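So the structure is just underneath, and the comments pick up after that.
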Amino acid sequence: MRSTHTMDTAANALANSQRLLVLSGAGLSAESGIPTFREAQTGLWAQFSPQDLATPEAFAADPERVWAWYRWRRTLIARGGVNAGHRAIAALERHMAVVIATQNVDGLQTTAGSHDVSELHGNIWVDRCSSCSAESRQPVAEADDDAPLPHCEECGALTRPGVVWFGEMLPVDALERAQAEVERCDCVLVVGTSNQVYPAAALVEMAVAGPAQVIEVNPQATAVSNAVDVHIPESASVALPSLVDRLDALRSAR
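What the sequence shown shows, in my numbering, is residues 4 to 257, in sequence order.
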């Protein structure tokens with residue numbers, strides 16, 4: 004059951020903030036019907052391990068299989084689209100500076116209208132050259148499973164999905180930006196993340212240890228739920244629009 008007091012406390016924290024950092028994870032996009040990486044390993048894909056689908060070694064050994072997997076995931080994302088949680092996060096920009104650091108690779112937060120998004124695990128809609136690292140962004144659309152494997156327009160080498168694979172480092176710029184914002188912002192909104200995947204989980208721990216107000220939105224309790232200032236045990240698509248409505252009312256009353 005929703006606690007009005009909890010929602011009002013969170014809305015007041017947002018109303019008193021000038022700068023917000025949003026740390027989002029797979030639970031946010033799951034509400035668009037987009038399965039998490041491991042949840043997506045069903046049916047045809049159940050026979051493969053993550054090391055067969057999302058490592059540099061897997062791509063070198065069988066690029067056709069890896070691209071088939073990512074094309075299938077692109078189609079799921081295109082069909083799911085943005086949800087009320089994504090739109091509510093974008094709407095927060097009406098009231099304050101909002102910086103988003105997301106573990107999601109689907110690009111949906113930018114599609115929803117957010118302007119300052121750091122993608123900690125890359126973006127599935129980017130094709131990156133496996134040789135010269137040149138990148139090209141692809142349109143959000145259902146994939147053509149019969150299309151030939153993509154090649155770099157710059158050097159002709161095979162391109163790969165622009166996501167962070169197992170064994171690879173997170174983008175330094177995105178991680179450093181998120182770390183800087185933890186120290187700079189007034190409030191941190193943690194949405195749809197289990198807080199178990201590092202180094203992204205360390206950002207939440209930094210926020211809890213710092214001076215900013217920390218609001219967690221997650222139907223399930225996580226390792227930090229007892230340490231944050233406010234825990235809202237609801238889905239993002241339910242809690243966040245309600246928070247925005249309350250924030251709108253508070254700002255209008257001032």
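All residues carry an ideal CB built from backbone N, CA and C; glycine is no exception.
Computed from a prediction, not measured in an experiment: that's the story for all the values here.
Of the other Cβ atoms in all chains shown, fewer than 16 fall within 10 Å of the Cβ of residue 136; this residue is therefore exposed.
As DSSP reads the structure, residue 190 sits in a beta bridge with 23, 216. By the Cβ-count criterion, residue 152 is exposed, with fewer than 16 other Cβ atoms from all chains shown falling within 10 Å of its own Cβ. DSSP places residue 116 outside any alpha helix (DSSP H), giving it a letter other than H or E.
In the three-state reduction of the DSSP assignment, residue 96 falls in the helix class, which pools H, G and I.
Residue state for residue 184 is assigned as helix, using DSSP reduced to three classes. When only Cα atoms are considered, residue 171 and residue 20 end up about 35 Å apart. For residue 235, the closest of 53, 56, 67, 195 by C-alpha to C-alpha distance is 195.
The region 81–97 and the region 151–168 do not touch, with fewer than three beta-carbon pairs separated by less than 8 Å. Collapsing the DSSP output to three states places residue 37 in coil. By the C-beta criterion, the region 62–79 is judged not to be in contact with the region 11–18, since fewer than 3 inter-stretch pairs fall below 8 Å. Counting along the chain, the unbroken beta strand (DSSP E) around residue 164 starts and ends at 162–166.
With a cutoff of 8 Å on beta-carbon distance, residue 166 and residue 124 are scored as near each other.
Annotation: the continuous beta strand (DSSP E) that includes residue 125 extends over 125–132.
With a beta-carbon spacing of about 6 Å, residue 109 and residue 127 fall inside the 8 Å limit used to define contacts.
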